[in-house]
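Here the protein sequences line up with chains A and B, keeping their order.
Start counting the first sequence at 31; every next residue gets the next number (the working numbering).
Start counting the second sequence at 76; every next residue gets the next number (the working numbering).
All residues carry an ideal CB built from backbone N, CA and C; glycine is no exception.
A quick note: this is a predicted structure, and the numbers were derived from the prediction, not measured.
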Amino acid sequence: MSTTQWNPASHLVSPDGKWYWDGAAQEWKPIGQPASEPVPTRPPAPAQPSRGLNSFAGTIRSEDLAYGQTVLVWARWILIGTGLLLSFWSPKDLLTLQIQLAAIIALAFGNFYLHVQLLRGQAALDNVVYGASLADIAVVTALVLVQGGYPSPVFIFYFAAIVGISVAFPTPITGLYTSLVVGLYGVISLATATTDEYPAVFTRLLTLAAVAVCGNLFARHEAQRREVAIRIHDELLDEIEQGASSQPETQPAAPAS
Amino acid sequence: MPNVREVRTAAQADQEDVFFGQTVIMWARWSVIVAGIMLVLWTSTNVSLLTQTMPFFLVLMAVNFFLHGRYVMGSPLNRTIVTVASVIDLVLITAIVVLWPGAHGLNNQFYVLYFPVVFAFALVFTRKIEVAYTGLAMLAYALACLLTGTVPLDLGNEDKVLVMRLIVIAAMGFLGNYYFRIQRDRLARAARGDRKTLADVRAGLAR
Numbered sequence: 031m032s033t034t035q036w037n038p039a040s041h042l043v044s045p046d047g048k049w050y051w052d053g054a055a056q057e058w059k060p061i062g063q064p065a066s067e068p069v070p071t072r073p074p075a076p077a078q079p080s081r082g083l084n085s086f087a088g089t090i091r092s093e094d095l096a097y098g099q100t101v102l103v104w105a106r107w108i109l110i111g112t113g114l115l116l117s118f119w120s121p122k123d124l125l126t127l128q129i130q131l132a133a134i135i136a137l138a139f140g141n142f143y144l145h146v147q148l149l150r151g152q153a154a155l156d157n158v159v160y161g162a163s164l165a166d167i168a169v170v171t172a173l174v175l176v177q178g179g180y181p182s183p184v185f186i187f188y189f190a191a192i193v194g195i196s197v198a199f200p201t202p203i204t205g206l207y208t209s210l211v212v213g214l215y216g217v218i219s220l221a222t223a224t225t226d227e228y229p230a231v232f233t234r235l236l237t238l239a240a241v242a243v244c245g246n247l248f249a250r251h252e253a254q255r256r257e258v259a260i261r262i263h264d265e266l267l268d269e270i271e272q273g274a275s276s277q278p279e280t281q282p283a284a285p286a287s
Numbered sequence: 076m077p078n079v080r081e082v083r084t085a086a087q088a089d090q091e092d093v094f095f096g097q098t099v100i101m102w103a104r105w106s107v108i109v110a111g112i113m114l115v116l117w118t119s120t121n122v123s124l125l126t127q128t129m130p131f132f133l134v135l136m137a138v139n140f141f142l143h144g145r146y147v148m149g150s151p152l153n154r155t156i157v158t159v160a161s162v163i164d165l166v167l168i169t170a171i172v173v174l175w176p177g178a179h180g181l182n183n184q185f186y187v188l189y190f191p192v193v194f195a196f197a198l199v200f201t202r203k204i205e206v207a208y209t210g211l212a213m214l215a216y217a218l219a220c221l222l223t224g225t226v227p228l229d230l231g232n233e234d235k236v237l238v239m240r241l242i243v244i245a246a247m248g249f250l251g252n253y254y255f256r257i258q259r260d261r262l263a264r265a266a267r268g269d270r271k272t273l274a275d276v277r278a279g280l281a282r
């Protein structure tokens, strides 16, 4: 049981204003009404279809971003943990190790902030979430460049980053980020690989794109399934209500005198 | 709000997971097929090599045509067949890693084909099956590297690279299945008529 206290200023609130996100318990909970003052409900903002976590303006995508961000944060922890382990495993030279550790530690601080935000149920700014993913890509790219481009084995960390991005972000943004990774790594690889290694470069880029497509396809299918589930639920409710209203009124039998 | 019965049973939810997940697995397999065919055409140096390697991918392509056709026709295959097809993917990728002319085991660069396959599988099946499959992929790759003599087990750079790759394969499985479980929980709440979920989805539908 969470001991999180309801504070309207520090939690994600549902569009109907009746629920808030308890990050510690990872559950939506009803907003407790304070005794003295009513809980202010957020008015809907139809004119501004913002998709930010903090705006949470009743779009299904915002919630998807909140759920997907958990995956993104864990993907980044895997990247950080593995990066640290491998940095200390037979380091080659001082400069490389310095760059690796500086980049990984910076990423760790950023991820800690995002993870704490998630646990507390506070809204992270859209730009922070998107920026953190850009930082993932930048760190992996920096490590790849420091280690000579194509021969660097750390490019596989792009996969962990792309997995998080593909399930957390909407399709256009996933496409944008994936294109960025494929383009960036493609250019680096083509510049540093020999002609014989081009098939391997092609395979790497193709599998990166495939992971992004699979993740995003799955996320979209799941959103459709939820919509269908809600429609079925609504139809059932209608049937129940119609059934109740069409039943003939009956009177209890009068007791015999 | 009236207490409404759940509209899907656990068995129905499992079947749906396999049905919807099949698409993801099939697209992952298409990526492997396209990569394989491109590589075979690109790297073949003589007719013999081309005729020996291409049939593997043609068979896989035929299998995926069948699976995709069944999916499009709305008759999903059962869990066992999907699992068997996914294990065949692992066998084929391991065969590429071990037998590909020029570079074997750790030096073979086509181990990346494991990533989409493991990730897609993890998006479909429950945790135990996913762990078994991911473990099988890791074991297959580790054995492929060890049996080809490309990893000396001296805690040197080759071991480091192998560990790195195995960790990323494990991460693909873990992250995929973690997201799968999040989504399954959300769907279950939507089907139960959870008020918060109803509000969210209605808001999304009304958008």
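When the five nearest sequence neighbours on each side are left out, the beta carbons in the same chain lying within less than 6 Å of the beta carbon of A:Ala223 are those of Tyr180 and Val231, in order along the chain. Between the alpha carbons of A:Leu214 and A:Leu173 lies a distance of about 13 Å. Bounds of the alpha helix (DSSP H) holding B:Met129 are Val122 to Val147.
Relative to the Cα of B:Tyr216, the nearest Cα in the group B:Gln184, B:Ile156, B:Ala197 and B:Ala195 belongs to B:Gln184. Pairwise C-beta distances place the region 114-133 of chain A out of contact with the region 141-150 of chain A, as fewer than three of them are shorter than 8 Å. A:Ala136 is the residue among A:Ala136, A:Gln128 and A:Gly98 whose C-alpha sits nearest the C-alpha of A:Ile110. Judged by DSSP secondary structure, A:Gly205 falls within the alpha helix (DSSP H) whose first and last residues are Thr201 to Thr222. A distance of 8 Å or more separates the beta carbons of A:Arg256 and B:Arg104. Within 10 angstroms of the beta-carbon of A:Asn246 lie 16 or more other beta-carbons, which makes it buried. Put simply, the backbone Cα of B:Val238 is about 12 Å away from that of B:Leu214. Interface annotation for the region 251-274 of chain A against chain B: His251, Glu252, Arg255, Arg256, Glu257, Ala259, Ile260, Ile262, His263, Leu266, Leu267 and Ile270, criterion Cβ-Cβ distance under 7 Å. Taking the Cα of A:Gln128 as reference, the smallest distance to any Cα among A:Gln177, A:Tyr97 and A:Thr201 is reached at A:Gln177. Contact note: B:Val109 reaches chain A through Leu236 and Ala240, using a C-beta cutoff of 9 Å and chain order. Remark: three or more beta-carbon pairs, one from each stretch, lie closer than 8 Å, so the region 198-209 of chain B and the region 249-257 of chain B are flagged as touching. The three-state reading of DSSP puts A:Gln177 in coil, since its state is none of H, G, I, E or B.
If you look at B:Val199, you'll find it isn't in any alpha helix (DSSP H); DSSP assigns it neither H nor E. Neighbourhood of B:Pro130 in chain A, by CB distance below 7 Å: empty, with the nearest CB roughly 19 Å away. Taking C-beta separations shorter than 8 Å and ignoring five residues to either side along the sequence, the partners of A:Ile218 in its chain run Thr171, Val174, Leu175, Gly179 and Tyr180, following chain order. Distance between A:Leu125 and A:Leu131, taken at the CA atoms: about 10 Å. At a cut-off of 8 Å between C-beta atoms, A:Thr112 counts as an interface residue with respect to chain B.
The beta-carbon of A:Thr233 is placed less than 8 Å from the nearest beta-carbon of chain B.
Here B:Leu211 is actually not in contact with B:Leu142; their C-beta atoms are around 20 Å apart, not less than 8 Å.
Taking a Cβ-Cβ cut-off of 9 Å, A:Ala162 has no neighbours in chain B, whose nearest Cβ is about 16 Å from it.
The C-alpha of B:Phe194 lies about 19 Å from the C-alpha of A:Pro200. Looking only at A:Lys122, A:Asn157, A:Asp166 and A:Ala133, the smallest Cα-Cα distance to A:Val103 is reached by A:Asp166. If you check each beta-carbon in the region 119-137 of chain A against every beta-carbon of chain B, the ones closer than 8 Å belong to Trp119 and Ser120.
Look at the region 98-125 of chain B: the residues with a C-beta under 7 Å from a C-beta of chain A are Thr98, Val99, Trp102, Ala103, Ser106, Val109, Ala110, Met113, Leu114, Trp117 and Thr118. In the DSSP annotation of this structure, B:Gly224 is not part of any alpha helix (DSSP H), being labelled neither H nor E. Contact of B:Pro176 with chain A is not assigned, every C-beta pair being separated by 8 Å or more. In this structure the region 171-187 of chain B touches the region 231-246 of chain B; the number of beta carbon pairs closer than 8 Å is three or more. Remark: C-beta atoms of B:Leu198 and A:Ala105 do not approach each other more closely than 8 Å. The Cβ of A:Ala191 sits no closer than 8 Å to any Cβ of chain B. For the C-beta of A:Leu116, the chain B residues within less than 8 Å are, from N- to C-terminus, Lys235, Val238 and Met239. Residues Val197 and Ala198 of the same chain have their beta carbon placed closer than 6 Å to that of A:Gly98, with the five preceding and five following residues left out of the count. Cα atoms of B:Phe196 and B:Leu135: separation of roughly 17 Å, rounded to the nearest angstrom.
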